[in-house]
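Count along the sequence shown from 1, then add 9; that gives the number in the working numbering.
Structure record follows, encoded as structure tokens.
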Amino acid sequence: MSPSPAPAEADGGPAPSGRFRRGRPARGGRRRRTGAPLPLLLPALVGICFLLLPLLALLIRAPWRDLPDQLTSAQVWQALRLSLLSATAATAVSLVLGVPLAWLLARTEFPGRGLLRALVTLPLVLPPVVGGVALLLALGRNGVAGRWLDEWFGITLPFTTTGVVLAEAFVAMPFLVISVEGTLRAADPRYEEAAATLGASRFTAFRRVTLPLIAPGVLAGAVLAWARALGEFGATITFAGNFPGRTQTMPLAVYLALQNDPAAAIALSLVLLAVSIAVLAGLRDRWLTAS
């Protein structure tokens with residue numbers, strides 16, 4: 010028997026050229042153009058300058074000679090220490106509350122789940138000052154829940170270090186929830202089902218099977234939440250105030266120092282910039298893998 014003709018030959022058309030076998034051009038074939046058109050290149054260059062110029066200005070105007078003295082001053086050290094401790098505590102709160110919340114949104118079906126997801130992620134777009142006002146109305150001494158905390162337990166949250174942690178957790182937790190929920194949706198649920206067939210409860214399956222699978226997503230969300238908490242300003246100053254040594258974090262210290270000591274403000278800004286770059290560098294491999 011003679012071999013069957015190629016699809017193009019059976020239709021009467023010419024046989025495919027060897028230059029285009031396996032979907033890619035052979036050597037000497039026409040290559041794809043990679044140059045950017047001018048109407049797109051110019052706005053892109055302007056956007057790069059717009060984003061990078063303020064950062065370069067910060068580096069150029071930084072008092073590098075006086076930087077060690079600025080960073081070792083008592084006020085700067087207090088703000089740095091409080092910022093690191095409060096951001097870490099806010100991240101811990103976000104992990105304890107946010108990981109179960111992300112699992113609830115990703116693994117269960119219930120009426121109003123879409124609305125709940127929208128409300129959970131609302132602090133991402135809500136102005137931080139509005140978030141601070143909402144926290145005051147909820148947890149202040151005359152707030153919806155704060156009055157009962159004050160009367161029953163004698164707990165006052167506004168204008169305290171605990172208030173700083175709560176304000177930072179309020180604005181940072183959505184970053185963790187989004188990251189963990191996306192990782193849960195990408196994870197194969199059949200591993201949990203297999204664990205259930207072996208007699209494991211849903212919590213045991215989550216603790217022994219699901220949590221190790223989504224550990225990279227949890228870590229990435231925790232890092233993002235920590236970085237967001239470290240840079241929080243609006244909700245913190247509204248709900249916790251700006252008291253040195255008690256509620257004055259690094260962003261608040263930058264705002265205050267900018268009025269009296271610009272060199273200290275630049276020094277604190279450089280620390281925050283270094284932390285942000287470290288966070289981006291730590292998440293770079295995850296982003297490249299995801300893309």
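Each residue gets a CB set at the ideal place from its N, CA and C atoms; glycine is no exception.
Keep in mind the model is a prediction, meaning the values are calculated, not measured.
Q. Are the Cβ atoms of threonine 256 and phenylalanine 184 separated by less than 8 Å?
A. Taking 8 Å as the Cβ cut-off, threonine 256 and phenylalanine 184 do not qualify as a contacting pair.
Q) Quick one: is valine 180 buried, meaning 16 or more other Cβ sit within 10 Å of its Cβ, or exposed? A) It counts as buried.
Q. Do you know offhand how far leucine 222's Cα is from alanine 196's?
A. 7 Å
**Q.** Cβ distance (whole Å) where arginine 126 is taken to contact isoleucine 275 below 8 Å
**A.** Contact doesn't hold; Cβ gap of about 40 Å is too wide.
Q: Leaving out five residues on either side along the sequence, give the residues of the same chain with a beta carbon under 7 Å from the beta carbon of valine 284.
A: Ala236, Leu239
Q) Helix or strand or just coil, what does DSSP make of asparagine 151? A) coil
Q. So phenylalanine 179 is in the alpha helix (DSSP H); what residue range does that whole segment cover?
A. 170-195
Q | Unbroken alpha helix (DSSP H) run spanning glycine 230, endpoints | A | 224-239
Q. Which two residues bound the contiguous alpha helix (DSSP H) that contains threonine 213?
A. 211-214
Q | glutamate 202 - containing alpha helix (DSSP H), residue span | A | That run of the alpha helix (DSSP H) goes 199-206.
Q: Put leucine 110 into one of helix, strand or coil per three-state DSSP.
A: Three-state DSSP puts leucine 110 in a helix.
Q: Please name the residue in Leu114, Thr117, Val173 whose C-alpha comes closest to that of proline 137.
A: Val173
Q: Starting from isoleucine 57, follow the alpha helix (DSSP H) in both directions and report where the run begins and ends.
A: 47-69
Q) Considering threonine 258, what are the terminal residues of the alpha helix (DSSP H) in which it resides? A) No alpha helix (DSSP H) contains threonine 258, which DSSP labels as neither H nor E.
Q) Around the Cβ of serine 92, are there at least 16 other Cβ atoms within 10 angstroms (buried) or fewer (exposed)? A) Under this definition serine 92 is a buried residue.
Q: Can you say whether proline 260 is buried or exposed, counting buried as having 16 or more other CB atoms within 10 angstroms of its CB?
A: buried
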